[in-house]
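Working notes, beginning with the structure itself.
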Amino acid sequence: MCTSITYTTNDHYFGRNLDLEISYNEQVTITPRNFPFVYRKVPKQTSHYAIIGMAAVVDNYPLYYDATNEKGLSMAGLNFPGNAHFFDEDPEKTNISPFEFIPWILSQCKNVEEARALLADINLVNINFSEELPLSPLHWLLADQEKSIVIESVAEGLKIYDNPIGVLTNNPTFDYQLFNLNNYRSVSTTTPKNHFSDQLDLSVYSRGMGGLGLPGDLSSASRFVKVAFTKLNSVKASTEQESVSQFFHILKSVEQQKGLCDVGNGQFEYTIYSSCCNMDKGIYYYTTYSNSQINAVDMTKEDLDSKELLTYPLIEEEQIHYVN
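Here's what the structure looks like:
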C-alpha cells in the first residue's frame, strides 16, 4: 500500500511512501529528453520532456513508481487492488498500458490541463510488461504546481477526480475517501471544549486532545485521513531544507514499520522508501527504511539532452553522524 501527497511552501513538492513487502531494486532514474520511449500500441517518442523519479529499470525501460518532469508535472501510481480494471484494446482510443502511463503523460504534458486533454482519449489497456512482470492494479495522483487530480480506471471506465487536498492512498475509491473526511469534522489541532455534559467538569489532562478520534491504524482509509489532517495543518517553512524536512515528517505520520502488517509467509509490508521532489527545481530527495539520511539527486546537473538513462542506486546503509 502507499501514500502520496503534494505540498507547497515557497516552492512546490510532490512525493510518496512506497509500502510493500518486497523491493524490486528501484533506483532514482533520470530519463533525458532524447531517450527513446517505445510503447506497445502507439508510436515511440524520440524527443520529450526530461523526467526524474523512482523506477525499476528492466530491459533498459524505466518502470516509474513516481516521477516529475522538467516542467514540474508529477505523477505517482498507488496500489488499487479489487477496483483497478484495465481494458481490451479499443481502436477508437489511444491505447496505453498502465506500465507506460507515467512516461506517456509526463513526456509530453507540462501541466494538469494538458494531461486532461490526453486523458479524454486514453484507454488503459490490459497489456503486461512481460510474463514475469504482470500489471499492478494501480490508480494515480497527478499534480502540477497549482492543482492535482486522481485517475482511476475501473470497470465503469476512466474516472478523473479533482483532488483539492493533494492526497492519495489506496482503496476504496477516491470519491469515498474524500467524503469520509466529513466524519472527522470534530478533529482539531486545538484543545477541545467540554461538550460531553455541563454537569461534569471534565479535565484536560494532556496536550493534543483535539486529535482524539484521529485514526492511527495502517489501513488505507485511515492513512488518508491521518495524512490529510497532518498535511493541511502542518506549519509551512520558508527554506528548502525546512520544507523538505517538513515534507518527510508529514509522510512519517503514516509510515509503516516492519512487523506491524503481516502479509504471510514471514513477510511484512513496510515503508521501503519515502520521496520528495521539488517540482520547481527538479531535485529528487529520498530516504529508505534502513537509511533515514535524506539523499538528493538534482536532474539539472546532468546532461538532459542525452539518449541514455541515468540511474542512481539507493544508499541503503544507515548514515550516522558521530559527534565525538
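Under the numbering used here, the residue at position 272 of the sequence shown is numbered 259, and the numbers go up by one with no gaps.
Idealized CB from N, CA, C, for every residue including glycine.
Range covered by the beta strand (DSSP E) that runs through F234:
Counting from 1 along the sequence shown, the entry for residue 234 is found at position 247. Premise fails: F234 lies in the alpha helix (DSSP H), E227 to K239, not in any beta strand (DSSP E).
Closer than 8 Å by C-beta to T178: which residues in its own chain qualify, once you throw out the five before and the five after it? Chain order, please.
Counted from its first residue, the sequence shown places residue 178 at position 191. Counting only Cβ-Cβ distances below 8 Å, and skipping sequence neighbours, we find V191, R194, M196 and G197.
With respect to the beta strand (DSSP E) encompassing N167, which residues constitute its N-terminal and C-terminal limits?
As a first step, residue 167 is located in the sequence shown; it is residue number 180 there, counting from the start. Counting along the chain, N167 falls outside any beta strand (DSSP E), though it belongs to the alpha helix (DSSP H) covering F161 to N167.
Name the one or two DSSP bridge partners that R3 has.
Position 16 of the sequence shown, counted from the start, is the residue given in the question as residue 3. For R3, which the question treats as bridged, DSSP gives the partners S(-9) and S262.
Inter-residue Cα distance where the pair is I(-8) and P121:
By one-based count along the sequence shown, residue -8 stands at place 5. By one-based count along the sequence shown, residue 121 stands at place 134. Cα-Cα distance, rounded: 26 Å.
With contact counted as at least three CB pairs below 8 Å, one residue from each stretch, are the segment 17 to 33 and the segment 70 to 88 in contact?
yes
Report the partner residues of L50 according to the DSSP bridge assignment.
Position 63 of the sequence shown, counting from 1, holds the residue named residue 50. Beta-bridge pairing links L50 to A43.
Ends of the alpha helix (DSSP H) at S209?
For the purposes of this step, residue 209 is identified with residue 222 of the sequence shown, where counting begins at 1. Where S209 is concerned, the enclosing alpha helix (DSSP H) stretches over S207 to N220.
Which of helix, strand or coil DSSP assigns to G64
The count along the sequence shown starts at 1 and reaches residue 64 at position 77. If DSSP states are grouped into helix, strand and coil, G64 belongs with the strands.
At a cut of 8 Å, does the segment 204 to 219 reach the segment 260 to 272 through at least three beta carbon pairs?
Using a C-beta cut-off of 8 Å, the segment 204 to 219 makes no contact with the segment 260 to 272, since fewer than three inter-stretch Cβ pairs fall below that distance.
Note down, in chain order, each residue of its chain lying with its Cβ closer than 7 Å to the Cβ of L189, except the 5 sequence neighbours on either side.
Mapped onto the sequence shown, residue 189 falls at position 202. Taken in chain order, the residues that qualify are N181 and F183.
For D204, count neighbouring C-beta atoms within 10 Å of its own C-beta (all shown protein chains included) and say buried if the count is 16 or more, exposed if not.
Here residue 204 refers to the residue found at position 217 of the sequence shown. By the neighbour-count rule (16 or more Cβ atoms within 10 Å), D204 is not buried but exposed.
Could you give the DSSP three-state label for Y148: helix, strand or coil?
As a first step, residue 148 must be located in the sequence shown, where it is residue number 161. In this structure, Y148 counts as strand in the three-state DSSP scheme.
Can you tell me the Cβ-Cβ gap for G69 and W127, rounded? I've got them flagged as a contact below 8 Å.
Sequence index remark: in the sequence shown, residue 69 carries index 82 (1-based). Sequence index remark: in the sequence shown, residue 127 carries index 140 (1-based). The Cβ separation is near 17 Å, so there is no contact.
Can at least three beta-carbon pairs, one atom from the segment 286 to 303 and one from the segment 15 to 22, be found at a separation below 8 Å?
Segments in contact, yes.
Three-way DSSP call (helix, strand, coil) for G269 in this model:
Your numbering for residue 269 matches position 282 in the sequence shown. Coil, per DSSP.
Quick check on DSSP: helix, strand or coil for W300?
What you label residue 300 is simply residue 313 of the sequence shown in a count that begins at 1. As written in the sequence, residue 300 is Pro, which differs from the Trp given in the question. Looking at P300 - three-state DSSP - the assignment turns out to be strand.
My output table needs one value for V25: the three-state DSSP class, helix, strand or coil.
For this step, residue 25 is matched to residue 38 along the sequence shown. In this structure, V25 counts as coil in the three-state DSSP scheme.
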